[in-house]
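**Q** As given, the protein sequences belong to chains C and Z, one line each in that order. Position one of the first sequence corresponds to residue 3 (the working numbering), numbered consecutively onward. Position one of the second sequence corresponds to residue 3 (the working numbering), numbered consecutively onward. Every residue, glycine too, gets a C-beta built ideally from N, C-alpha and C.
There are 2 protein chains.
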Amino acid sequence: MGNITIKMLAKELNLSTAAVSKALRDSHEISERTKTRVLELAAALNYVPHPYAGSLREKKSNTIAVVIPEVADSFFSLALNGIESVAIENGYHALIYLTHERFEREKTILKDLESGRVDGVIMSVTTKTNTFDHLRSLNKMVPMVFFDRVCEEIDTAKITTNDEECGYQATQHLIDRGCKKIAILSVSESLSINAKRIQGYQRALSDNGRKPEASCIIDYSEDPDESLEQLRKCFRTAEPPDGIVATVSKMTTDIYLVCMELGLRIPDDLKVVSFSNDATVAILNPSLTTITQPAFEMGELAAKVLFKALKKKYLVLSEESTVVPSQLILRNSTSAAF
Amino acid sequence: MGNITIKMLAKELNLSTAAVSKALRDSHEISERTKTRVLELAAALNYVPHPYAGSLREKKSNTIAVVIPEVADSFFSLALNGIESVAIENGYHALIYLTHERFEREKTILKDLESGRVDGVIMSVTTKTNTFDHLRSLNKMVPMVFFDRVCEEIDTAKITTNDEECGYQATQHLIDRGCKKIAILSVSESLSINAKRIQGYQRALSDNGRKPEASCIIDYSEDPDESLEQLRKCFRTAEPPDGIVATVSKMTTDIYLVCMELGLRIPDDLKVVSFSNDATVAILNPSLTTITQPAFEMGELAAKVLFKALKKKYLVLSEESTVVPSQLILRNSTSAAF
DNA sequence: ACCATTTACTTAATCGGTTAAGTAAATAAA
DNA sequence: TTTATTTACTTAACCGATTAAGTAAATGGT
Chain C
3 MGNITIKMLA
13 KELNLSTAAV
23 SKALRDSHEI
33 SERTKTRVLE
43 LAAALNYVPH
53 PYAGSLREKK
63 SNTIAVVIPE
73 VADSFFSLAL
83 NGIESVAIEN
93 GYHALIYLTH
103 ERFEREKTIL
113 KDLESGRVDG
123 VIMSVTTKTN
133 TFDHLRSLNK
143 MVPMVFFDRV
153 CEEIDTAKIT
163 TNDEECGYQA
173 TQHLIDRGCK
183 KIAILSVSES
193 LSINAKRIQG
203 YQRALSDNGR
213 KPEASCIIDY
223 SEDPDESLEQ
233 LRKCFRTAEP
243 PDGIVATVSK
253 MTTDIYLVCM
263 ELGLRIPDDL
273 KVVSFSNDAT
283 VAILNPSLTT
293 ITQPAFEMGE
303 LAAKVLFKAL
313 KKKYLVLSEE
323 STVVPSQLIL
333 RNSTSAAF
Chain Z
3 MGNITIKMLA
13 KELNLSTAAV
23 SKALRDSHEI
33 SERTKTRVLE
43 LAAALNYVPH
53 PYAGSLREKK
63 SNTIAVVIPE
73 VADSFFSLAL
83 NGIESVAIEN
93 GYHALIYLTH
103 ERFEREKTIL
113 KDLESGRVDG
123 VIMSVTTKTN
133 TFDHLRSLNK
143 MVPMVFFDRV
153 CEEIDTAKIT
163 TNDEECGYQA
173 TQHLIDRGCK
183 KIAILSVSES
193 LSINAKRIQG
203 YQRALSDNGR
213 KPEASCIIDY
223 SEDPDESLEQ
233 LRKCFRTAEP
243 PDGIVATVSK
253 MTTDIYLVCM
263 ELGLRIPDDL
273 KVVSFSNDAT
283 VAILNPSLTT
293 ITQPAFEMGE
303 LAAKVLFKAL
313 KKKYLVLSEE
323 STVVPSQLIL
333 RNSTSAAF
């Protein structure tokens, strides 16, 4: 729908389209007088070059794709923010695709991206991504950078945080605060970051001489009603946990709600640590101890690495992988019992 | 970067590109035998048509732009979610642009969108948008739909919520709960939705026989430190407010933090209503009474209206404007004093 | 057997830009 | 003055797909 074309400018000025194009790009082949005439008419008619015409010829779209599971999640929205900032700075455009944790959707989206629509892809896989052909196939055609939920099987740049350590730290912190039985909520078996957080949890338990059977891993359901029920069941057992690690922030609301429902006091009866980037953690009742990931920075870094690859022809992306540490921030949900 | 082209398929099969193109589109001009050969080779080589080639010819990009102030905000991220869902359903792609409340950025982005890059635009203006030429100019070339933060001056579809009424309801609710002095936090003078919320607030005050000077409108700063200071100052006056309406959700954290700092108890000393879509409002200390907007639905509706316009040639977009009501949800931040 | 139609293609133009190669006129060098 | 070079353009090809228009061969009708 872009209305004014180079052809129109050319006709109006009695020039060839080539001359107009060169004038607009300030070529030395064009006289100053002609350049002025072209520039003035272009400004007067509000000429904006059609991006797809250039893309076709240059084989460069100046567009990247961001493929993430959700956007209504503080981690991903902050990361998207970081990605978009860097994209704009580099004169690029960002297409956004949400998988909603649906594997089929991820496959469909990635297949489309093999078309040449974008010059690069930044993504975080779904909780269900357990085959990798679609990733491998796209990775052959377009530079990809994974962030947070990476795919170990694909050889490219991965921006992650120190998930294993964080799982360890969160667990150790609960142990330090006197928790005897610590549960952890798991989102997905196939997700590498989830696995790492749980490994850290298990390592902390064993470092403190706790037997493996003391571990209490709850596979968290996607269905909101079911997940609440899982928590209720967990807290109603004969020996309920007195500490819990939530590996994703949306679990926090469920934990707090079930505690209110069952009359469990945080931190007296249950201490809670959550992986979270929510701005409201400080004003929860009680305020929430968190592992807070550098979400914006991870997005920003993922985008910077991608653009580095887009600029340098032969960059080995896998060598650009980075681990950005998260922070354990102590608040009242794990304070010593009153 | 899309590797396989129709030309390659044609050469491989000893056909013209035209024949291949027609075979792929199942034209009656092509024999079944040839169609099969083409389809099989296309599948084998993983051919994906280049979108920009078609776009150029069809003058249709199958892409829309979403221009919003922020994404790390529950309202906008939910709305974006709604928009993206509808876009995918319609086989469209969504470009995301964040203005970060910067007017210059909005202008730059909109100018670029005059290029033909997208078939339509869905947007929410910045708090500082006070001239409209850039909007008018784009609106001449591309169908636009505004949502939430609309621009009254532009003649097109606007998806809003009942802001005036909500301002009224929030204020009336505080009055009903016995508040004597009610403050309201304002984000921007030029923003129509902000103005409406404040009009509702003022109408509620006057309907209850309160004099205009009883109104207490605080122009909220963008700078986080300054905004906290504004709140401290407000609560430290001789006659501090005992009720407050926050017109955007991020103000909530500030209010709670300042109350903790100054030892003010919510709801005993101060009752709070906030416009918010945050999932955590139910587990705040105390839980927060909110005006909750139908964020996802507004995004969804904005996108549906846009696609309706893209399908029907001559649709009068301004007739598609809709007001979707928000909900006042009572929680403990406005419960009667204990 | 002869013209008409159908089948199954190919050729060429198009979308809106960019650029390598070509060219006529002006200027500079020998 | 003659040749070389520079200036300031134009022509034409190209990116990848689509489609109107053209065409040769096969089939059909009488």
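Around the Cβ of residue 29 of chain C, are there at least 16 other Cβ atoms within 10 angstroms (buried) or fewer (exposed)?
**A** Working through the first sequence from its first residue, we reach residue 29 of chain C at position 27. By the 10 Å Cβ count, residue 29 of chain C comes out exposed.
**Q** Nearest by alpha-carbon distance to residue 57 of chain C: which of C/23, C/121 and C/286 is it?
**A** As a first step, residue 57 of chain C is located in the first sequence; it is residue number 55 there, counting from the start. It is C/121.
**Q** Given this structure, state the Cα-to-Cα distance separating residue 67 of chain Z from residue 129 of chain C, to the nearest angstrom.
**A** Stepping through the second sequence from its first residue, residue 67 of chain Z is reached at position 65. Stepping through the first sequence from its first residue, residue 129 of chain C is reached at position 127. Residue 67 of chain Z and residue 129 of chain C: Cα-Cα distance of roughly 28 Å.
**Q** So, does the stretch 314–333 of chain C touch the stretch 285–299 of chain C, judging by three or more C-beta pairs under 8 Å?
**A** Segments in contact, yes.
**Q** Report yes if the CB atom of residue 138 of chain Z is closer than 8 Å to the CB atom of residue 195 of chain Z, and no otherwise.
**A** The residue you call residue 138 of chain Z lines up with position 136 of the second sequence. The residue you call residue 195 of chain Z lines up with position 193 of the second sequence. It is not a contact, given that the beta carbons lie outside the stated cut-off.
**Q** Are the Cβ atoms of residue 253 of chain C and residue 276 of chain C separated by less than 8 Å?
**A** Taking the first residue of the first sequence as position 1, residue 253 of chain C is located at position 251. Taking the first residue of the first sequence as position 1, residue 276 of chain C is located at position 274. Yes, Cβ-Cβ distance for residue 253 of chain C and residue 276 of chain C is below 8 Å.
**Q** Who does residue 100 of chain C pair with in a DSSP beta bridge?
**A** Position 98 of the first sequence, counted from the start, is the residue given in the question as residue 100 of chain C. According to DSSP, residue 100 of chain C bridges with C/70.
**Q** Quick check: the Cα distance between residue 174 of chain C and residue 109 of chain C, rounded to an integer number of angstroms?
**A** As a first step, residue 174 of chain C must be located in the first sequence, where it is residue number 172. As a first step, residue 109 of chain C must be located in the first sequence, where it is residue number 107. Those two C-alpha atoms are separated by around 39 Å.
**Q** Residue 119 of chain Z touches chain C at which residues, Cβ-Cβ below 7 Å?
**A** Within the second sequence, the letter at position 117 stands for residue 119 of chain Z. Neighbours of residue 119 of chain Z on chain C, chain order: 53.
**Q** Determine the contact status of residue 282 of chain Z and residue 336 of chain Z, defining contact as a CB-CB distance below 8 Å.
**A** Counting from one through the second sequence, the residue named residue 282 of chain Z turns up at place 280. Counting from one through the second sequence, the residue named residue 336 of chain Z turns up at place 334. Against a cut-off of 8 Å, the Cβ pair of residue 336 of chain Z and residue 282 of chain Z comes out as no contact.
**Q** With a cut-off of 8 Å, does the C-beta of residue 163 of chain Z fall near any C-beta of chain C?
**A** Counting from one through the second sequence, the residue named residue 163 of chain Z turns up at place 161. By this cut-off, residue 163 of chain Z is not an interface position.
**Q** Per DSSP, which residues does residue 329 of chain C bridge with? Please list them.
**A** Counting from one through the first sequence, the residue named residue 329 of chain C turns up at place 327. In the DSSP output, where bridge partners are listed per residue, residue 329 of chain C has C/294.
**Q** Let me confirm a value: residue 2 of chain Z is counted as buried when at least 16 other C-beta atoms fall within 10 Å, else exposed. Which label applies?
**A** Limits of chain Z in this structure are 3 at one end and 340 at the other, which puts residue 2 of chain Z out of reach.
**Q** Indicate the three-state DSSP secondary structure (helix, strand or coil) for residue 95 of chain Z in the structure shown.
**A** Mapped onto the second sequence, residue 95 of chain Z falls at position 93. Residue 95 of chain Z falls in the strand class under three-state DSSP.
**Q** Is there a C-beta anywhere in chain C that falls below 8 Å from the one on residue 269 of chain Z?
**A** As a first step, residue 269 of chain Z is located in the second sequence; it is residue number 267 there, counting from the start. Cβ-Cβ to chain C under 8 Å: no for residue 269 of chain Z.
**Q** Distance, Cα to Cα, residue 307 of chain C vs residue 98 of chain Z?
**A** Locating residue 307 of chain C in the first sequence gives position 305, where the first residue counts as 1. Locating residue 98 of chain Z in the second sequence gives position 96, where the first residue counts as 1. For residue 307 of chain C and residue 98 of chain Z, the distance between alpha carbons rounds to 20 Å.
**Q** If you count every other CB in all the chains shown that lies within 10 Å of the CB of residue 48 of chain C, and 16 or more means buried, which is it?
**A** Along the first sequence, read from residue 1 onward, the residue named residue 48 of chain C stands at position 46. With fewer than 16 other Cβ atoms within 10 Å, it is exposed.
**Q** Give a yes or no on whether the C-beta atoms belonging to residue 184 of chain C and residue 218 of chain C are separated by under 8 Å.
**A** Your numbering for residue 184 of chain C matches position 182 in the first sequence. Your numbering for residue 218 of chain C matches position 216 in the first sequence. Their beta carbons are under 8 Å apart, which means residue 184 of chain C touches residue 218 of chain C by this criterion.
**Q** At a Cβ cut of 8 Å, what residues of the stretch 132–165 of chain Z count as close to chain C, listed as they run along the chain?
**A** So the list reads 139, 143 and 144, given in the order they occur along the chain.
**Q** Considering just the uninterrupted stretch of the alpha helix (DSSP H) at residue 257 of chain C, what are its terminal residues?
**A** Within the first sequence, the letter at position 255 stands for residue 257 of chain C. From DSSP, the alpha helix (DSSP H) with residue 257 of chain C extends over 252–264.
**Q** If you run the structure through DSSP and keep just helix, strand and coil, what is residue 248 of chain C?
**A** Taking the first residue of the first sequence as position 1, residue 248 of chain C is located at position 246. DSSP places residue 248 of chain C in strand when its eight states are reduced to three.
**Q** Tell me, please, whether the CB atom of residue 282 of chain C is closer than 8 Å to any CB atom in chain Z?
**A** If you number the first sequence from 1, residue 282 of chain C lands on position 280. Yes, residue 282 of chain C counts as interfacial toward chain Z.
**Q** Check distances from the C-beta atoms of the stretch 89–110 of chain C to those of chain Z and list, in chain order, the residues that come in under 7 Å.
**A** Answer set for the stretch 89–110 of chain C: 95, 96, 97, 98 and 100.
**Q** Please state whether DSSP places residue 4 of chain Z in a helix, a strand or coil.
**A** Locating residue 4 of chain Z in the second sequence gives position 2, where the first residue counts as 1. The predicted model places residue 4 of chain Z with a pLDDT of 49, which falls under 50 and marks its position as unreliable; any figure quoted below should be read in that light. Looking at residue 4 of chain Z - three-state DSSP - the assignment turns out to be coil, as it is neither helix nor strand.
**Q** Name the chain C residues that come within less than 8 Å of residue 255 of chain Z, Cβ to Cβ?
**A** Against the second sequence, residue 255 of chain Z aligns to sequence position 253. By Cβ distance, chain C contributes 281, 282, 284 and 285.
**Q** Flag residue 127 of chain C as yes if its beta-carbon sits less than 8 Å from any beta-carbon of chain Z, otherwise no.
**A** Residue 127 of chain C sits at position 125 when you count from the first residue of the first sequence. Output row for residue 127 of chain C: interface = no.
**Q** When the cut-off is 8 Å and only beta carbons count, does residue 16 of chain Z lie next to chain C?
**A** Walking along the second sequence from the start, residue 16 of chain Z turns up at place 14. So, not an interface residue.
**Q** Looking only at its chain, what residues have a beta carbon closer than 7 Å to the beta carbon of residue 233 of chain Z, apart from the 5 residues adjacent to it on each side?
**A** Numbered from its first residue, the second sequence carries residue 233 of chain Z at position 231. Counting only Cβ-Cβ distances below 7 Å, and skipping sequence neighbours, we find 256, 257 and 260.
**Q** Give me, in chain order, the residues of the same chain whose beta-carbon lies closer than 6 Å to that of residue 245 of chain Z; leave out the 5 immediate sequence neighbours on both sides.
**A** Here residue 245 of chain Z corresponds to residue number 243 of the second sequence, with the count starting at 1. For residue 245 of chain Z, where only same-chain residues beyond five positions count, the Cβ hits under 6 Å are 176, 181, 184 and 273.
**Q** Name the one or two DSSP bridge partners that residue 218 of chain Z has.
**A** Taking the first residue of the second sequence as 1, we reach residue 218 of chain Z at position 216. Residue 218 of chain Z is bridged to Z/185.
**Q** Are the CB atoms of residue 179 of chain Z and residue 81 of chain Z within a distance shorter than 8 Å?
**A** Walking along the second sequence from the start, residue 81 of chain Z turns up at place 79. Walking along the second sequence from the start, residue 179 of chain Z turns up at place 177. No, Cβ-Cβ distance for residue 81 of chain Z and residue 179 of chain Z is not below 8 Å.
**Q** For a quick check, are the C-beta atoms of residue 341 of chain C and residue 199 of chain C less than 8 Å apart?
**A** A question about residue 341 of chain C goes unanswered here, because the residues of chain C that appear run from 3 up to 340.
**Q** For residue 122 of chain Z, write down the residues that DSSP places opposite it in a beta bridge.
**A** What you label residue 122 of chain Z is simply residue 120 of the second sequence in a count that begins at 1. Note: residue 122 of chain Z sits in a beta bridge opposite Z/66.
**Q** With a threshold of 8 Å between beta carbons, is residue 113 of chain C in contact with chain Z?
**A** On the first sequence, position 111 is the one that residue 113 of chain C refers to. True, the Cβ-Cβ gap to chain Z drops below 8 Å.
**Q** Taking the alpha carbon of residue 106 of chain Z as the point to measure from, which residue in Z/135, Z/119 and Z/141 has its own alpha carbon closest?
**A** What you label residue 106 of chain Z is simply residue 104 of the second sequence in a count that begins at 1. Minimum Cα distance to residue 106 of chain Z is reached at Z/135.
**Q** Please list, in chain order, the residues of the stretch 209–242 of chain Z that have any C-beta partner in chain C closer than 7 Å.
**A** For the stretch 209–242 of chain Z, which is checked against every Cβ of chain C, not one residue is closer than 7 Å.
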